[in-house]
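In this note's numbering, the protein residues as written are 3 to 105.
Next up, the structure:
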């Protein structure tokens, strides 16, 4: 089973993958739009958000999909549902520019 996590909302966010399962990537950070996690998997991800008008918000959420094995625990058909994992409140900081994450 895979958990796909993405950012949605009125904030503009970028995500950078730094490490998987506690091991840093050989070339980091890596631009990503979705985090894919398998059962027991971990990922270190940096998230930077900006707004057209402050304050704004973003939602870190899982996306719906199918289980690898149908009929597993959960819903009768084995479907996964969309769930909100974290609500991000983006406020204006003292800097007028968004810091650039290292490539």
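Ideal placement from N, C-alpha and C gives every residue a C-beta, glycine not left out.
Every value quoted in this text rests on a predicted model; they were computed, and no experiment measured them.
For this session: Leaving aside the five residues before and after residue 47 along the sequence, list all residues of the same chain whose C-beta is less than 8 angstroms from its C-beta, in chain order.
Result: Stepping through the chain shown from its first residue, residue 47 is reached at position 45. Only 17, 18, 19, 20, 34, 37 meet the Cβ criterion.
For this session: Grab the span of the beta strand (DSSP E) containing residue 64 for me, first residue to last.
Result: Start at 1 with the first residue of the chain shown, and residue 64 comes out as number 62. Where residue 64 is concerned, the enclosing beta strand (DSSP E) stretches over 58-64.
For this session: Label residue 60 either buried or exposed according to how many other C-beta atoms from any shown protein chain fall within 10 Å of its C-beta, with 16 as the threshold for buried.
Result: Position 58 of the chain shown, counting from 1, holds the residue named residue 60. Flag for residue 60 reads buried.
Exercise. Taking just the CA atoms, how far does residue 13 sit from residue 49?
Worked result: Counting from 1 along the chain shown, the entry for residue 49 is found at position 47. Counting from 1 along the chain shown, the entry for residue 13 is found at position 11. Distance between the alpha carbons of residue 49 and residue 13: 11 angstroms.
For this session: Please confirm whether residue 8 and residue 86 have their CB atoms less than 8 angstroms apart.
Result: Taking the first residue of the chain shown as position 1, residue 8 is located at position 6. Taking the first residue of the chain shown as position 1, residue 86 is located at position 84. Not in contact: residue 8 and residue 86 (Cβ atoms no closer than 8 angstroms).
For this session: In the DSSP assignment, find the beta strand (DSSP E) that holds residue 88 and state where it starts and stops.
Result: Taking the chain shown and counting its residues from 1, one reaches residue 88 at position 86. First-last of the beta strand (DSSP E) with residue 88: 85-92.
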